[in-house]
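Undergrad: Numbering-wise (the numbering used here), the sequence shown opens with residue 135 and increments by one.
Note that the Cβ used here is the ideal one computed from N, Cα and C, for glycine as well.
Fair warning: this is a prediction, and the values are worked out from it, not measured in the lab.
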Amino acid sequence: MVSEITEDQEYMECVKDILCHPVFQSMDQYIQHGTTTCKTHCIQVSYLGYKLCKQLGGNWRSAARAGLLHDLFLYDWHTHAKETGQYFHGFTHPKAALENADRYFRLTGEERMIILRHMWPLTLIPPTSKAGYAVTCADKYCSTVETTARFKHWIRMCLFAQPARR
């Protein structure tokens, strides 16, 4: 997937400022799901959201950019509650990501809404655009793949293991 992304000049042109930014690069220090870093997760969500949005006829530029920034919360969510007493990461991180994205990047109104509402239906207010739905769906898909990847071997063993011969 990496070569497909880097060879997509249209995609790279609209996100290169974010990809090169030190704050975005710092997301590599946080694990998101399974063994996938937050940075890798956001790149995958961004590119899938961009591709979906192009198919839907939405604002693919907003999908690509907001997809990269949707989880820019900049902390380890696995230990955050224990360290800060702030629980409910799933509900609160879109706002933290938006505040950080606004601090470091120039965003459109649509990009802000995509970041803020990407956790729907966990957060009650749905996306307001095709780009928002594309990123939300891409995030759910990527999160599921990343989370279940570690179980693939175990599931395969359970389903296809040969019974012991006596």
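Going by beta carbon distance, what residues of the same chain come within less than 8 Å of I139, once the five residues before and after it are set aside?
TA: Y145, M146, I177 and Y181
Undergrad: Confirm, please, whether the CB-CB distance from V149 to R199 is below 7 Å.
TA: yes
Undergrad: Applying the criterion that 16 or more other CB atoms from any shown protein chain within 10 Å of the CB defines a buried residue, is E280 buried or exposed?
TA: buried
Undergrad: Using a Cβ-Cβ cut-off of 6 Å (strictly less than) and excluding sequence neighbours within five positions of F207, which residues of its own chain qualify?
TA: H227, A230 and A231
Undergrad: For S196, which of S277, C292, A283 and I248 has the nearest alpha-carbon?
TA: I248
Undergrad: Could you name the residues that DSSP lists as bridge partners for I165?
TA: T171
Undergrad: Take every Cβ of the stretch 185-194, pair it with every Cβ of the stretch 260-271, and state whether three or more of those distances are shorter than 8 Å.
TA: The stretch 185-194 and the stretch 260-271 touch, with no fewer than 3 CB-CB distances between them shorter than 8 Å.
Undergrad: Would you kindly check if the distance between the Cβ of A283 and the Cβ of G201 is under 7 Å?
TA: no
Undergrad: Suppose you measure from the CA of G266 to the CA of M291; what does that come to, to the nearest Å?
TA: The alpha-carbon atoms of G266 and M291 are separated by roughly 38 Å.
Undergrad: Going by other Cβ atoms of all chains shown within 10 Å of its Cβ, with 16 needed for buried, is E233 buried or exposed?
TA: exposed
Undergrad: For Y275, collect the residues of the same chain with a Cβ closer than 8 Å to its Cβ; drop the 5 residues on either side in sequence, then sort them by chain order.
TA: L182
Undergrad: On the CB-based measure, 16 or more other CB atoms within 10 Å of its CB, does I152 come out buried or exposed?
TA: buried
Undergrad: Residue range of the alpha helix (DSSP H) that R195 falls in?
TA: W194 to L203
Undergrad: In angstroms, rounded to a whole number, what distance separates the CA positions of S277 and H175?
TA: Cα to Cα, the separation comes out at about 8 Å.
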